[in-house]
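In what follows, a structure is listed as structure tokens, so that the remarks can point back to it.
There are 2 protein chains.
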Amino acid sequence: MIEPRWLNSDERRAWLAILSINTLLPSALDSQLHTAGKVSLFDYNVMAMLSEAEGHFLPMSQLAARTSSSLSRLSHVVSKLEKRGWLERRPHPHDARVTTAHLSDIGMATLVDLAPGHVEAVRTKFLDALSDREVNDLARIGEKIVARLDDDHWILRYTDGQP
Amino acid sequence: MIEPRWLNSDERRAWLAILSINTLLPSALDSQLHTAGKVSLFDYNVMAMLSEAEGHFLPMSQLAARTSSSLSRLSHVVSKLEKRGWLERRPHPHDARVTTAHLSDIGMATLVDLAPGHVEAVRTKFLDALSDREVNDLARIGEKIVARLDDDHWILRYTDGQP
DNA sequence: GCGGGTCACTTGAACCGTCAAGAACTTTGT
DNA sequence: ACAAAGTTCTTGACGGTTCAAGTGACCCGC
Chain U
540 MIEPRWLNSD ERRAWLAILS INTLLPSALD SQLHTAGKVS LFDYNVMAML SEAEGHFLPM
600 SQLAARTSSS LSRLSHVVSK LEKRGWLERR PHPHDARVTT AHLSDIGMAT LVDLAPGHVE
660 AVRTKFLDAL SDREVNDLAR IGEKIVARLD DDHWILRYTD GQP
Chain C
540 MIEPRWLNSD ERRAWLAILS INTLLPSALD SQLHTAGKVS LFDYNVMAML SEAEGHFLPM
600 SQLAARTSSS LSRLSHVVSK LEKRGWLERR PHPHDARVTT AHLSDIGMAT LVDLAPGHVE
660 AVRTKFLDAL SDREVNDLAR IGEKIVARLD DDHWILRYTD GQP
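Heads up: the sequence lines are chains U and C, in that order. The first sequence maps to residues 540 to 702 in our numbering. The second sequence maps to residues 540 to 702 in our numbering.
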């Protein structure tokens, strides 16, 4: 009894590559961030997204969208980062249902401290493998896949503009 | 104080897309597999890799390589799948250090049962977003990234051949 | 043949993510 | 003006992943 070969050669290659990247890349970047400061890739991303927002704050649900995470996961992580003094929760003035997460000055300083090493790792583990042309192809193809997974993902609204 | 924009536009797009795919894709496929049978994407992959091996078995370390996982992670999962009767551990006849994982008939039957739905999900969530040309580009680019992350990854030894 | 080094794997604890449930508030329909 | 439904977020329990340490087994030089 044999497993039917349901994907053709290119499809299989693409799928297996994505699968490997998926486990190898986060683990490589996580370990860089974890030795540099005690942060995970996700922690870093949460803070990075806040640092790029006007006023360094965002409602939880928007932050969840920008980190592609569930509200539940985000809530746990925000609690953790809040305990370290890097973030602060505040109620929204006009809608009492929403909580906004604010990046503190200490949080910002930590991020600025971590950023160069992290970007360096993103380059050496990922971008340096590719030519400019390939980076562009990957961006285009990647965004098509994201669109398929989440029709109105925030990334897709900024393909030409300024976050 | 502003976060320096250390990545150019295409680099940033590619990076954010990979990051999103990374969290969105596994979760979409996990949930399909979890409702179809009670398996995770990783569980499925472990069994799929065994099903494609000669004799439906592999040493733990080879299986770890083919699923891009740590030995520790694999060991825990194999224990779980063993309890369900889908896998079996056996000692290697010539080297007492190595343990081989064998896919049982029941495990194979489960896999065959799950396969069509899973492949369908891989197509609808991922491959259907792309043209043949793009699938080929992605396979090529993806393998370059994998090579950067793990020099002698098993995938890279089979780009034209038969597993 | 035996001691040090390496290899293949396992285990338990700590940590992280997911899920289901629920609390607090706002909006909608009548 | 009120109830029903929807939104936003939090929580605790559960299961999965990682990390550090440990257990045998093989290999190499002497």
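Built from N, CA and C at the ideal position, the CB exists for glycine as well.
Alpha carbon of A592 of chain U to alpha carbon of T639 of chain C, nearest angstrom: Distance between the alpha carbons of A592 of chain U and T639 of chain C: 51 Å.
Sorted by chain position, which residues of the same chain lie with C-beta nearer than 6 Å to H631 of chain U's C-beta, five sequence neighbours on each side aside? Around H631 of chain U: V637 and T639.
Taking R627 of chain C as the query, report the chain U residues whose CB atoms sit under 9 Å from its CB, ordered along the chain. It should be pointed out that residue 627 of chain C corresponds to Glu in this sequence rather than to Arg. Result: empty, since nearest Cβ-Cβ is about 17 Å, beyond 9 Å.
Where L553 of chain U and S566 of chain C are concerned, what is the direct C-alpha to C-alpha distance, given to the nearest angstrom? It should be pointed out that residue 553 of chain U corresponds to Ala in this sequence rather than to Leu. A straight-line Cα-Cα distance of about 18 Å links A553 of chain U and S566 of chain C.
Among residues of its own chain, excluding the 5 on either side of D690 of chain U, which ones have a beta-carbon nearer than 7 Å to its beta-carbon? The same chain holds no residue with a CB closer than 7 Å to that of D690 of chain U once the five nearest residues on each side in sequence are set aside.
Euclidean distance between Cα positions of L653 of chain U and M586 of chain U: Going from the Cα of L653 of chain U to the Cα of M586 of chain U covers about 11 Å.
Of the listed residues U:D671, U:N675 and U:I680, nearest to R672 of chain C (C-alpha basis): For the set U:D671, U:N675 and U:I680, the Cα lying nearest the Cα of R672 of chain C is the one of U:I680.
Looking only at its chain, what residues have a beta carbon closer than 8 Å to the beta carbon of E659 of chain U, apart from the 5 residues adjacent to it on each side? So no residue of the chain qualifies.
Among the residues of its own chain, which have a CB less than 6 Å from the CB of D699 of chain C, if the five just before and after it don't count? Confidence in D699 of chain C is poor, its pLDDT being 42 and thus under 50, which makes the residue's placement too unreliable to answer from.
When you compare only the Cα positions, how much space is there between R605 of chain U and G576 of chain C? Answer to the nearest angstrom: the Cα atoms are 31 Å apart.
Using a beta-carbon distance cut-off of less than 9 Å, what residues from the region 560 to 576 of chain C approach chain U? Those residues of the region 560 to 576 of chain C placed with their C-beta closer than 9 Å to a C-beta in chain U are I560, N561, T562, L563, L564, P565, S566 and A567, ordered along the chain.
Which residues does DSSP list as the beta-bridge partners of L642 of chain U? Beta-bridge pairing links L642 of chain U to U:L626.
Between the Cα of H615 of chain U and those of U:M588, U:H633, U:D582 and U:M647, spot the shortest distance and give me the residue it belongs to. Measuring from the Cα of H615 of chain U, the nearest candidate turns out to be U:D582.
Mind pulling the chain C residues with CB within less than 9 Å of H692 of chain U? Simply S559 and L563.
Cα-Cα separation, L669 of chain C to I684 of chain U: The alpha-carbon atoms of L669 of chain C and I684 of chain U are separated by roughly 8 Å.
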